[in-house]
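FYI, the numbering used here numbers position 17 of the sequence shown as 19, with every residue one higher than the one before it.
Taking it in order: structure first as structure tokens, then the write-up.
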Amino acid sequence: MKSKKQFFTTPIYYVNAKPHLGHAYTSIAADVATRFKQIDDYETFFLTGTDEHGDKIVQAAQQQGTTPKEYADNISKLFQDLLPVLNVKNNHFIRTTDPDHIQVVKDVLSKIYDSGDIYFSSYEGLYCFGCERFYQERELVDGKCQDHGVEPELIKESNYFFKMSKYQEWLINHIKANPDFIQPAQYKNEILSFLKEPLEDLCISRPKSRLTWGITLPFDEDYVTYVWFDALVNYISALGYPDGKLFKKFWPGARHFVAKDIIKPHGIYWPIMLKAAGIQIYNGLNVHGFWNVKGSKMSKSIGNVTDPIQVTNKYGIDPFRYFLMREMVFGLDANFTEETIVSRINSDLANDLGNLFSRVLSMNHRYFTGEVKEPDAEIEKQKNLSLASDAKKAIDKFRQAMSLCEFHKGVEAIWQFISIMNKYIDTTAPWTLAKDDANIPILGTVLYNLIEGLRVVSCLIYPIMPQTSLKMQKTLCMEKGEKGFYTLKETFPWGQIKKGTIIAKPDILFPRIDTDKIKSKNHKKKLAVSNFDKSVTPGNPVK
Ligand code: MSP
3 MKSKKQFFTT PIYYVNAKPH LGHAYTSIAA DVATRFKQID DYETFFLTGT DEHGDKIVQA
63 AQQQGTTPKE YADNISKLFQ DLLPVLNVKN NHFIRTTDPD HIQVVKDVLS KIYDSGDIYF
123 SSYEGLYCFG CERFYQEREL VDGKCQDHGV EPELIKESNY FFKMSKYQEW LINHIKANPD
183 FIQPAQYKNE ILSFLKEPLE DLCISRPKSR LTWGITLPFD EDYVTYVWFD ALVNYISALG
243 YPDGKLFKKF WPGARHFVAK DIIKPHGIYW PIMLKAAGIQ IYNGLNVHGF WNVKGSKMSK
303 SIGNVTDPIQ VTNKYGIDPF RYFLMREMVF GLDANFTEET IVSRINSDLA NDLGNLFSRV
363 LSMNHRYFTG EVKEPDAEIE KQKNLSLASD AKKAIDKFRQ AMSLCEFHKG VEAIWQFISI
423 MNKYIDTTAP WTLAKDDANI PILGTVLYNL IEGLRVVSCL IYPIMPQTSL KMQKTLCMEK
483 GEKGFYTLKE TFPWGQIKKG TIIAKPDILF PRIDTDKIKS KNHKKKLAVS NFDKSVTPGN
543 PVK
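Shown next as structure tokens:
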């Protein structure tokens with residue numbers, strides 16, 4: 003049993019629309035982080051799911067002429083079916099309509115109610131139905147909610163309130179005392195600056211006269227629970243809070259992945275809810291930026307809502323995962339265009355990595371009929387031919403960056419090593435060495451180092467491109483059996499490829515994409531569409 007444990011979550015997605023590129027990104031980022039922790043010797047648990055109560059869902063169901071539950075079943079299935087398409091391996095998929103979850107929400111509410119932190123009061127305020135929350139005048143721009151562009155309605159009703167203000171000082175101190183509680187730092191600062199203003203108490207109920215699609219309050223039959231109070235609890239209900247084995251094992255290592263749109267509920271409501279209920283505070287929040295498409299926020303009216311299944315079908319799972327991790331600086335916004343994904347595939351994947359793999363193994367075939375030669379230690383030292391220390395540097399840099407969720411830097415660390423190997427081929431010029439029999443021991447040493455380098459690369463790319471990692475390892479006769487990956491500790495020792503191994507001719511790892519073809523195809527069929535193709539079947543990448 004591993005002593006280190008890590009629990010990663012994605013937000014649970016609303017079922018009022020089909021999954022798009024943004025949802026796919028968070029799920030892939032959390033999957034990459036989980037797989038990285040696995041190779042770093044952690045035992046992991048990865049949770050995702052759907053958020054199914056509230057006004058939004060009722061409205062979407064009404065538009066489709068169906069019931070909220072039927073509607074939620076259909077869309078939740080689309081989110082579930084997307085995961086294998088993206089090669090995201092979750093341990094559990096939670097739905098807020100699951101009976102176990104509903105029970106835990108009631109238990110947590112009862113606990114906080116009994117401790118006196120929930121009170122009943124009448125309230126008049128500006129309510130945005132799109133956001134399902136009350137607004138302060140100062141939060142509006144020209145009197146309108148920024149997300150929905152509408153003026154909130156003035157409503158007066160009696161409701162239950164949660165005394166968040168009581169915990170404001172505690173939260174500020176907790177954030178300051180735990181520097182990696184909210185990462186990256188700009189979002190920690192955003193939350194701290196928000197906490198400079200007095201916190202309003204949170205309205206945590208909705209009268210059933212207005213909304214019935216929710217969890218009934220355990221202490222008042224006439225009210226349902228505010229959707230965020232219900233949704234956030236998924237992170238503990240999924241682990242079997244309070245007595246479940248999984249809860250005890252994984253909750254202390256909980257880190258939530260979210261985008262910047264929902265840092266307030268995660269950075270403020272959630273820790274305070276946990277504190278008030280006497281539950282250990284989660285370990286941390288990893289906040290990323292937004293994907294814009296062709297420079298604009300995705301929106302149905304612009305018609306740039308990008309379907310991740312279409313991108314995967316067109317370019318392949320691993321290239322899509324690679325692109326998302328390489329292109330976005332975690333924490334900042336990024337821009338998605340077909341030109342950038344094609345250019346990354348052609349330059350980083352087909353050219354840098356794909357070419358290196360096929361060049362090295364083809365040369366090994368040409369000069370040694372595929373047999374791995376023993377490196378000559380003396381020659382290696384004399385001519386400074388060892389790539390071992392470059393490999394070690396790459397592993398260390400990769401580990402450091404990935405531990406901080408700086409995925410783009412993790413990828414860069416691998417690609418720096420790939421670039422060193424490409425240069426090494428140019429300077430050692432194996433084709434010249436092959437011309438003279440006297441140089442055969444040097445040639446064998448050079449190719450051995452390159453093949454070992456490829457082994458290290460195949461291990462490091464696993465969290466980002468698991469299929470390619472496996473494909474490389476199969477070719478190198480280094481398949482890892484059941485587990486399917488090498489830990490960093492197992493990756494590290496240099497010289498693991500056995501001399502005498504016969505390595506077959508390589509398949510092409512990443513076919514180059516003909517940019518002219520893409521341009522003319524794009525003319526006919528655009529990738530970004532507002533009405534998604536309804537089928538959820540993965541296909542083959544373009545050749
Ligand atoms: N249901 C709430 C979350 C409750 S969690 C207890 C919700 N759902 S959502 O469907 O709107 O999902 C929001 C999340 O989807 C973002 O925080 C982010 O993870 C992902 N993204 C949605 N659009 C995105 C982009 N354009 N770019 C990147 N991620 C985006 O909020």
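Backbone N, C-alpha and C fix where the C-beta goes; we use that ideal spot for every residue, glycine too.
Item: Just to confirm, is the Cβ distance from residue 448 to residue 387 under 8 Å?; Value: yes
Item: Tell me the rounded alpha-carbon separation between residue 381 and residue 426.; Value: 16 Å
Item: Give me the Cβ distance between residue 472 and residue 486, rounded to the nearest whole Å; I'm assuming they're in contact under 8 Å.; Value: 7 Å
Item: Classify residue 191 as helix, strand or coil using the three-state DSSP reduction.; Value: helix
Item: Is residue 326 buried or exposed, if buried means 16 or more other CB atoms sit within 10 Å of its CB?; Value: buried
Item: Can the beta-carbon of residue 106 be found less than 8 Å from the beta-carbon of residue 239?; Value: yes
Item: Measuring only from the beta carbon, is residue 264 closer than 7 Å to any heavy atom that is part of the ligand MSP?; Value: yes
Item: Only counting runs of 3 or more residues, tell me where the beta strand (DSSP E) segments fall wholly within the segment 49-113, in order along the chain.; Value: 94-97
Item: Where does the unbroken beta strand (DSSP E) through residue 430 begin, and where does it stop?; Value: Unbroken run through residue 430 is the alpha helix (DSSP H), 409-430; no beta strand (DSSP E).
Item: Look at the Cβ atom of residue 419, then the Cβ atom of residue 396, and state whether they are nearer than 8 Å.; Value: yes
Item: Using DSSP with H/G/I as helix, E/B as strand and the rest coil, what is residue 8?; Value: strand
Item: CB of residue 293 to nearest heavy atom of the ligand MSP: below 7 Å?; Value: yes
Item: Less than 8 Å separating the beta-carbons of residue 278 and residue 119?; Value: yes
Item: Hey, residue 53 and residue 233: beta-carbon distance below 8 Å or not?; Value: yes
Item: Measure the alpha-carbon distance for residue 50 versus residue 288 and round it to whole angstroms.; Value: 15 Å
Item: Roughly how many angstroms lie between the CA atoms of residue 103 and residue 312, to the nearest whole one?; Value: 33 Å
Item: Cβ of residue 14 within 7 Å of any heavy atom in the ligand COA?; Value: Among the ligands modelled here, namely the ligand MSP, the ligand COA does not occur.
Item: Determine the direct distance from the alpha carbon of residue 86 to that of residue 468, and round the result to whole angstroms.; Value: 13 Å
Item: In whole angstroms, what separates the C-alpha of residue 463 from that of residue 399?; Value: 13 Å
Item: Looking only at DSSP bridge pairs, what is residue 121 linked to?; Value: 163
Item: So, at 8 Å on beta carbons, what are the nonlocal neighbours of residue 133 in its own chain, with the 5 sequence-adjacent residues on each side left out?; Value: 147, 149 and 150
Item: Specify the secondary structure class of residue 363 as computed by DSSP and reduced to three states.; Value: helix
Item: Given a cut-off of 8 Å on the beta-carbon distance, is the pair residue 157 and residue 129 in contact?; Value: yes
Item: Rounded to the nearest angstrom, what separates residue 251 and residue 361 at their Cα positions?; Value: 46 Å
Item: Would you list, in sequence order, the uninterrupted alpha helix (DSSP H) runs of no fewer than 4 residues that lie entirely inside the segment 315-365?; Value: 319-329 and 340-346
Item: Tell me where the alpha helix (DSSP H) around residue 179 begins and ends.; Value: 170-179
Item: Rounded to the nearest angstrom, how far is the Cβ of residue 354 from that of residue 451, given a contact under 8 Å?; Value: With 8 Å as the limit, residue 354 and residue 451 do not qualify as a contact, their Cβ atoms being about 18 Å apart.
Item: Quick one: does the C-beta of residue 106 sit closer than 7 Å to a heavy atom of the ligand MSP?; Value: no
Item: What does DSSP give as the partner residues of residue 485 in its beta bridges?; Value: In DSSP, residue 485 forms no bridge with anything.
Item: What residue range does the alpha helix (DSSP H) around residue 382 cover?; Value: 379-384
Item: Identify, in the order they occur along the chain, each residue of the same chain with its Cβ nearer than 8 Å to the Cβ of residue 166, setting aside the five sequence neighbours on each side.; Value: 201, 202, 203, 204, 270, 271 and 274
Item: Looking at C-alpha atoms only, which residue of 461, 497 and 480 is the closest neighbour of residue 506?; Value: 480
Item: Examine the ligand MSP and report whether any of its heavy atoms sits within less than 7 Å of the Cβ of residue 28.; Value: yes
Item: Any idea which residues DSSP pairs residue 286 with across the strands?; Value: 257
Item: Give the range of the alpha helix (DSSP H) segment to which residue 237 is assigned.; Value: 236-239
Item: Does the beta-carbon of residue 94, which I'm using as the reference point, lie nearer than 7 Å to any heavy atom of the ligand MSP?; Value: no
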